[in-house]
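Student: As they're listed, the protein sequences go chains B and S. Each residue of the first sequence is one higher than the one before, starting from 1 at the first, in this note's numbering. Each residue of the second sequence is one higher than the one before, starting from 1001 at the first, in this note's numbering. For each residue, glycine too, the CB sits at the ideal point set by N, CA and C.
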Amino acid sequence: MSNIRNFSIIAHIDHGKSTLADRLIQHTGLVDARQFRDQILDSMDLERERGITIKSQTVTLPYIAADGTHYELNLIDTPGHVDFSYEVSRALASCEGVLLLIDASQGVEAQTLANMYLAMEHDLAIIPVINKIDLPSADIDRTREQIDRELGLDPDEALLCSAKEGIGIDAVFDAVIARIPPPRGSCTEPLSALLFDARYDPFRGAIISCRVFDGTVKPGDILRFMSNGHTHKVEEVGLFQIVREPRKELGTGSVGYIICGLKTVADTRVGDTITHDQRPAAKPQPGFRDVKPVVFSSIYPISSDEYSALLDALEKYKLNDAALIYQKDSSAALGQGFRCGFLGLLHLEIVQQRLEREYQQAIIMTVPSVQYHFKLKDGTSVIVENPLYAPDPTEIESAEEPYIRAGILIPERYMGVVMNLCLERRGTNPRTHYPTPGRIELVFDMPLAEVIFDFYDRLKTITQGYGSFDYEMIDYRQSELVKLDILVNGERVDALSLIVHRDRARQWAVQVCDRLKEEIPRHQFKIAIQGASGGKIIARSTISAFRKDVTAKCYGGDITRKRKLLEKQKEGKKRMKMVGAVMIPQQAFVAVLKTKDEK
Amino acid sequence: MKSDSAAGLYVHVPFCKGKCPYCDFYSITDPGAERRWARALIREGQGYRADFSAFDSLYLGGGTPSVLPDDLLAELLAGLDALRPFASESERTIECNPNDLSPERIECYRSLGFNRISLGIQSLDDTELAFLGRRHRRSDTLRALDWVRERGPNNLGIDLIYGFAGHSIARWRSTLEAVLRYQPQHLSCYQLTLADRTPFGRAAATGQPRLATPEEQADLFLFTAEFLGERGFLHYEVSNFARDSTYRCRHNLKYWSRAPYLGLGPAAHSHRDGVRWWNPASVEAYCRAVEVTGSAAAGREQLSSEQIRLEDLALGFRTREGVALEQLDPGAPRTQAAIAELLEAGLATLAAGRLRPTTRGFLVADGLSLLFVA
């Protein structure tokens, strides 16, 4: 056990976490240089492309120190986004220490802080690592100063490295061994292992990633999952060394995998404690909770005959993402689809993009919504996350919406614009901190609904990329909510309905009407687009009719050509959605979610 | 439509004295193959004797049928008449260019049984005729019209083109007024259309204007319909007007009602019982195919019932008859919504179980079918 180290790399997005992980892997010779692809741990295309880790992976690095001692270094990769903060917390709970990676040219950012706090909560050894020291814009002194002032860590203990150039990597290994304590635990105690991740394998089902705190686990053991009491027989245990390396057992303090006949990752719960059925642990590992979605949206196939293909794709996708929930949904405008719950907006985007790219699904997603609480006049209350089921205004006694605490770290010069953005998004109770000269941390209480469409994009735009953002859910607060409907030639487009704060209804309605006017092609007849709330029209736009499309001649030789054109248009129409006689291109449903200056 | 119902016979005469820069119908300017073509054509026709039992319309189009020498035309007609009997009241049309005609030639056409002349006047304005690359001028046209009226068959159809760049309602009106003095039974008024592989199409692609703007074209179209409507013409198809319903072109109606027709000659298309087939657009390839195999069909398609419905819709909305409601999938909610929008917008009327386009409906006829397909 004294030769085991369990650690994570934590960092703000883009500070080089995956690159450092790659370098550590390469250094231990686990993968030969020729096979090496950058960002080994970010295996999904999407992760490589966005440069962020969505699904964490773990790797056991065999390391031989200068004195000849053999070590088993477990690098537990963490997802790099606030949407997955619970998964991050479970991964950190499996570690004894972290490398806190800071980009020498960017310095400390919002997630650097948030991640450090998380690490402190778990009582982990924190090793600051200043990365990208090779960059011309690297400012090591300033970064050291920030480590001192903003993080309250000893800047002299910070390591310097360039993961990209392979500079300072030996020192990182030395620090991991010297400064991160080995795991504690007892091999004679009953088994207690923390499940911190699960992946799907088409041949083996769910592959559980776990940290063994006490006891040992080996094939043939009957395991009990303490969250639900389910029992399973272990088929295989082993270590992740890029590929799975089976072992006879996983001992106390180690990190590895268990295969035990679970079909999908949905059968596992991140944070669960695994013990032996016959000799169970007295209590589970602390901190388990059920992950609940906070953002909801419906997914529809563009072509209605693709419904069963979409169902199939969702089922397959779900095998590897327990956080996604979905159920059948239907819309007059969009037909049969699925109402889905997500951990956050990034999670939503990831699901959307993976369905499109990996499962070749052409889909429409409706306006995301949060979960609203309505108290009704008859004394009952309802929870609504789908605007279609919003109660009638006359029945509502009061309404509540979820609030977050938003932390935004920016250079001081952007204070004005960011303050305006937050106030425009109904931010309240502003607080400011000045962690270092020239930088500000703005903290606002904000409705979650105001950040789920485009807040982060807007923040990035108005701060020229310098703003960083982090949030946590705080509570539900009373709010004046109204339902906004969009009508096209008098017919409600249910997929565009929205629950929105009274003060924001008109602005949103105008935006949707204007955007639809740009996106819906001219028809033979005039099209009126209206935004309606509480029986009143609060925004409108009109698409004038086109006057002429007819071709002059249609004789014997023209008919086949004409029909073929019509057949092509008919195919194209499958990608349109009909509202009454109006054809709305799928693109329009996407476009309404974007604000003007993003286009 | 059963093949027993009287079919139409179309003959494509692929010869012209010159190519007009807007036209994309297949033709060549070398008359050297005329006789070989005529022989092949009769042979091709004989191959279809089993498929067509009778014809009640004959249409010689092109190309320019009036470039054919009288003796060759006589030989061709003898061969066509021997294929299958023409019904006694058959419509027999020949398309003519004004400057090909002479009193004698018109007499010849009558003697060969043509009872309808379709005269490709296009315009009576010499500047416009030059722009359109036509070989005739206003004076040729007026003289030809006089001859047709003195010696020709009673049934006269006139083809005109409008809507080119700079075309004004005033100039268009004067052309219409001038031709109406000859009391034609039928007028085809075609909006100038650009086809890709024509000099006009290439010119337009490089930014040289050839067409009026869409707004001007729409205005010209509505003016045409109103002007001719006021003078008693029946606007029975997007581009076609008849003095009364008996003078509607019986042959062309077959295209729009999906009746059977046999097309002989290069690039000709045929239809019977939901099967369409067509010949190669090459005199050489056509003649060789017929000489070797007796047939020149280069492509063929069997229409599915949905394809037939699509054609019925597309063709129906181009005619004043419109489309029968049962063709519109009346149970679908979108059908009811679309009908309501069209009635509301004044683009169609609903009567006697048919949805009929109005004049403004004709202007947007190409997109109407799409409203009624899933």
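For Ala1006 (chain S), I'd like the list of residues in its chain whose CB is within less than 7 Å of its CB, leaving aside the five on either flank, ordered along the chain.
Tutor: So the qualifying residues of the chain are Ala1054, Phe1055, Asp1056, Ala1087.
Student: Would you identify the three-state DSSP class for Ser192 (chain B), choosing helix, strand or coil?
Tutor: Three-state DSSP puts Ser192 (chain B) in a strand.
Student: Taking the alpha helix (DSSP H) that Leu1041 (chain S) falls in, what are its first and last residues?
Tutor: Unbroken alpha helix (DSSP H) run through Leu1041 (chain S): 1034-1046.
Student: Count the other CB atoms, across all protein chains shown, that sit within 10 Å of the CB of Thr1093 (chain S); report buried if there are 16 or more and exposed otherwise.
Tutor: Buried, since its Cβ has 16 or more Cβ neighbours within 10 Å.
Student: To the nearest whole angstrom, what separates the beta carbons of Gln336 (chain B) and Ser304 (chain B), a pair I think is in contact under 8 Å?
Tutor: That belief holds up - the Cβ atoms of Gln336 (chain B) and Ser304 (chain B) are roughly 7 Å apart, short of 8 Å.
Student: Please list the terminal residues of the continuous beta strand (DSSP E) segment that includes Met1 (chain B).
Tutor: Unbroken run through Met1 (chain B): none, as it is neither H nor E.
Student: Run through chain B and tell me which residues come within less than 7 Å of Asp1366 (chain S), C-beta to C-beta.
Tutor: Ordered by position in chain B, the residues that pass the 7 Å Cβ test against Asp1366 (chain S) are Asp549, Val550, Thr551.
Student: Please state whether DSSP places Lys233 (chain B) in a helix, a strand or coil.
Tutor: In the structure shown, Lys233 (chain B) sits in a strand (DSSP, three-state: E or B).
Student: Is there at least one Cβ from chain S nearer than 8 Å to Ile559 (chain B)'s Cβ?
Tutor: By this cut-off, Ile559 (chain B) is an interface position.
Student: According to DSSP, what are the bridge partners of Cys340 (chain B)?
Tutor: The partner list for Cys340 (chain B) (beta bridge, DSSP) reads B:Ser297, B:Tyr326.
Student: Rounding to the nearest angstrom, what Cα-Cα distance links Ile364 (chain B) and Glu519 (chain B) in this structure?
Tutor: Their Cα atoms are separated by approximately 15 Å.
Student: Distance cutoff 8 Å, beta carbons only. Does Phe240 (chain B) sit that close to anything in chain S?
Tutor: No, because no Cβ of chain S sits closer than 8 Å to the Cβ of Phe240 (chain B).
Student: Should Ser1168 (chain S) go down as buried or exposed, given a rule of 16 or more other Cβ atoms within 10 Å for buried?
Tutor: When all chains shown are included, Ser1168 (chain S) counts as exposed.
Student: Roughly how many whole angstroms lie between the Cα atoms of Ala313 (chain B) and Phe203 (chain B)?
Tutor: Their Cα atoms are separated by approximately 18 Å.
Student: Across the region 175-187 of chain B and the region 462-475 of chain B, are there enough close Cβ pairs to call them in contact, namely three or more that are closer than 8 Å?
Tutor: No: fewer than three Cβ pairs fall under 8 Å.
Student: Since I believe Pro1014 (chain S) is in contact with Ala1266 (chain S) (beta carbons under 8 Å), could you give me their beta-carbon distance rounded to a whole number of angstroms?
Tutor: Reading the sequence as shown, one finds Pro at residue 1266 (chain S) and not Ala. The Cβ separation is near 5 Å, so the contact holds.
Student: Which residue marks the beginning of the alpha helix (DSSP H) containing Arg515 (chain B), and which one marks its end?
Tutor: Arg515 (chain B) -> alpha helix (DSSP H) spans 502-519.
Student: With H, G and I counted as helix, E and B as strand and the rest as coil, what does DSSP make of Pro1260 (chain S)?
Tutor: If DSSP states are grouped into helix, strand and coil, Pro1260 (chain S) belongs with coil.
Student: Start and end of the alpha helix (DSSP H) containing Pro1214 (chain S)?
Tutor: Per DSSP, Pro1214 (chain S) belongs to the alpha helix (DSSP H) from 1214-1230.
Student: Output the distance between the C-alpha atoms of Pro1069 (chain S) and Tyr1109 (chain S), rounded to the nearest integer angstrom.
Tutor: Cα to Cα, Pro1069 (chain S) sits roughly 11 Å from Tyr1109 (chain S).
Student: Mind pulling the beta strand (DSSP E) runs of 3 or more residues that sit fully within the region 136-215 of chain B?
Tutor: DSSP runs (the beta strand (DSSP E)) wholly in the region 136-215 of chain B: 192-201, 205-214.
Student: Could one say the Cβ of Asn1097 (chain S) lies closer than 8 Å to chain B's Cβ atoms, at least one of them?
Tutor: It does not: the Cβ of Asn1097 (chain S) has no partner Cβ on chain B nearer than 8 Å.
Student: Quick check on Arg1380 (chain S) - is its C-beta less than 8 Å from some C-beta in chain B?
Tutor: Outside the displayed span of chain S (1001 to 1374) sits residue 1380 (chain S), for which this structure offers no information.
Student: Have a look at Leu1242 (chain S) and Trp1037 (chain S) and give me their C-alpha separation to the nearest angstrom.
Tutor: Just to set this straight, residue 1242 (chain S) is Ala in the shown sequence, not Leu. Straight-line Cα distance between these residues: approximately 33 Å.
Student: Assign Ala539 (chain B) to one of three DSSP states: helix, strand, or coil.
Tutor: If DSSP states are grouped into helix, strand and coil, Ala539 (chain B) belongs with the strands.
Student: What's the C-alpha gap between Val1364 (chain S) and Arg1334 (chain S)?
Tutor: Between Val1364 (chain S) and Arg1334 (chain S), the C-alpha separation is close to 19 Å.
Student: Compute the beta-carbon to beta-carbon distance between Leu194 (chain B) and Arg90 (chain B), rounded to the nearest angstrom, for a pair I have assumed lies under 8 Å.
Tutor: Right, the Cβ-Cβ distance comes to about 7 Å (below 8 Å), so this counts as a contact.
Student: Check the DSSP bridge columns for Pro447 (chain B) and list the partner residues they point to.
Tutor: B:Tyr403, per the DSSP bridge assignment.
Student: Spell out whether any CB of chain B is found under 8 Å from the CB atom of Pro1280 (chain S).
Tutor: False, the Cβ-Cβ gap to chain B never drops below 8 Å.
Student: Just the Cα atoms here: how many angstroms apart are Pro411 (chain B) and Val108 (chain B)?
Tutor: Answer to the nearest angstrom: the Cα atoms are 11 Å apart.
Student: With a 10 Å radius around its C-beta and 16 neighbouring C-beta atoms as the bar for buried, classify Tyr1261 (chain S) as buried or exposed.
Tutor: Per the 10 Å Cβ criterion, buried.
Student: Rounded to the nearest angstrom, what separates Ala171 (chain B) and Gly407 (chain B) at their Cα positions?
Tutor: If I take the Cα positions, the gap works out to 33 Å.
Student: Is the Cβ of Tyr555 (chain B) closer than 8 Å to any Cβ of chain S?
Tutor: Taking Cβ atoms only, chain S reaches closer than 8 Å to Tyr555 (chain B), which makes this a yes.
Student: Can you tell which of S:Val1011, S:Ala1298, S:Gly1113, S:Asp1196 has its C-alpha closest to the C-alpha of Asp1024 (chain S)?
Tutor: Selected option, being the one with the closest Cα: S:Asp1196.
Student: Report the partner residues of Asp1159 (chain S) according to the DSSP bridge assignment.
Tutor: Asp1159 (chain S) is bridged to S:Gly1120, S:Ser1188.
Student: Please report the straight-line C-alpha distance between Glu47 (chain B) and Gly253 (chain B), rounded to a whole angstrom.
Tutor: With a pLDDT of 49 at Glu47 (chain B), under the threshold of 50, the modelled position of this residue cannot be trusted, and the question is left open.
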